[in-house]
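Data first, discussion second: the structure below is written as structure tokens.
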Amino acid sequence: SAVISQKPSRDICQRGTSLTIQCQVDSQVTMMFWYRQQPGQSLTLIATANQGSEATYESGFVIDKFPISRPNLTFSTLTVSNMSPEDSSIYLCSVAGGADYEQYFGPGTRLTVT
Amino acid sequence: EDKVVQSPLSLVVHEGDTVTLNCSYEVTNFRSLLWYKQEKKAPTFLFMLTSSGIEKKSGRLSSILDKKELSSILNITATQTGDSAIYLCAVEPALGSQGNLIFGKGTKLSVKP
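As given, the protein sequences belong to chains A and B, one line each in that order.
The opening residue of the first sequence carries number 1 in my numbering; numbering runs sequentially from there.
The opening residue of the second sequence carries number 1001 in my numbering; numbering runs sequentially from there.
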């Protein structure tokens, strides 16, 4: 399986600011995904990051709030914009790979907004 | 609406016990069901199931899918304290965004020495 790293591991931010989370994979992958896990909740897909085109967002998530970049096949960023305390979550990137194209997750970024 | 329901929500056992975790789903055009173990932040992939009745096994963990009953179970035998974690079940629909995993709320397993 691919080795995935995320930066930062955690951060505490003030409301109204923005944070960019980076996801790096050690091999080229076609599909990268960004998920959110709010406290006590399960994972929810935010968007699929496509190389060379706009990200595909799930219902309830918009590009202005969560802009995504995918400059190449090994890297993606997710920005959480104009943050509020409701954005406090774990943000996870994942990639599809392996024999059955299953998804593997990065180590996650724990974001706290005060 | 597609959904995944896991039971029980939490479970406390002693080392050496065998546990069975349940996952049921309602999804339009099923593609696959996946199990993950989440200890801190990152879910760790355990199994991917696509066909009914075929058991997948890895050490003390095993899982099987029943597409007729729209469910799956994850078994852990001879549990150890290191098995303490949240176990997540996710389903991937065949329609919609590829890779859009729909997750259940998880089963929190605590294994006491």
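Yeah, the Cβ is synthetic: ideal placement off N, Cα and C, and Gly gets one too.
{"Item": "From which residue to which residue does the beta strand (DSSP E) around A/Thr20 run?", "Value": "Leu19 to Val25"}
{"Item": "Assuming B/Phe1047 is part of the beta strand (DSSP E), what are its boundary residues?", "Value": "Pro1043 to Leu1049"}
{"Item": "Is it the case that the region 24 to 34 of chain A contacts the region 70 to 88 of chain A, given that we only count it when at least three CB pairs across the two stretches are under 8 Å?", "Value": "yes"}
{"Item": "Can you find a C-beta in chain B that's less than 7 Å from the C-beta of A/Ala2?", "Value": "no"}
{"Item": "Assign A/Glu102 to one of three DSSP states: helix, strand, or coil.", "Value": "strand"}
{"Item": "Determine, for B/Gly1106, whether the minimum Cβ-Cβ distance to residues of chain A falls below 7 Å.", "Value": "yes"}
{"Item": "Using a Cβ-Cβ cutoff of less than 7 Å, which residues in the same chain neighbour A/Thr17 once the five nearest sequence positions on both sides are dropped?", "Value": "Met83"}
{"Item": "Would you list the residues sitting across from B/Thr1018 in a DSSP beta bridge?", "Value": "Paired residue(s): none; B/Thr1018 is not in a bridge."}
{"Item": "Tell me, which residues are paired with B/Lys1057 by DSSP?", "Value": "B/Ser1062"}
{"Item": "Quick check on B/Gly1099: buried or exposed, where buried means 16 or more other Cβ atoms within 10 Å of its Cβ?", "Value": "buried"}
{"Item": "Would you please verify whether the beta carbon of A/Ser42 is less than 7 Å from any beta carbon of chain B?", "Value": "yes"}
{"Item": "What separation, rounded to the nearest whole angstrom, lies between the Cα atoms of A/Pro107 and A/Phe33?", "Value": "13 Å"}
{"Item": "Is B/Lys1041 close to chain A? Criterion is C-beta to C-beta, closer than 7 Å.", "Value": "yes"}
{"Item": "Could you confirm whether any beta carbon from chain B is found closer than 7 Å to the beta carbon of A/Gly108?", "Value": "yes"}
{"Item": "If distances are taken between C-alpha atoms only, which option among B/Val1005, B/Glu1015, B/Tyr1087 and B/Ser1051 comes closest to B/Thr1081?", "Value": "B/Glu1015"}
{"Item": "Our contact map puts A/Glu58 next to A/Ile68 with C-beta atoms below 8 Å; I'd like the distance itself, whole angstroms only.", "Value": "Incorrect: roughly 12 Å between the Cβ atoms, too far for contact."}
{"Item": "Residues of chain B with CB closer than 7 Å to the CB of A/Leu45, please, in chain order.", "Value": "Asn1100 and Leu1101"}
{"Item": "Looking at the secondary structure, which residues open and close the beta strand (DSSP E) in which B/Ile1073 lies?", "Value": "Ser1071 to Ile1076"}
{"Item": "What residues are listed by DSSP as bridge partners for A/Gln6?", "Value": "A/Cys23"}
{"Item": "For chain A, find out if any of its Cβ atoms is closer than 7 Å to the Cβ of B/Phe1045; answer yes or no.", "Value": "yes"}
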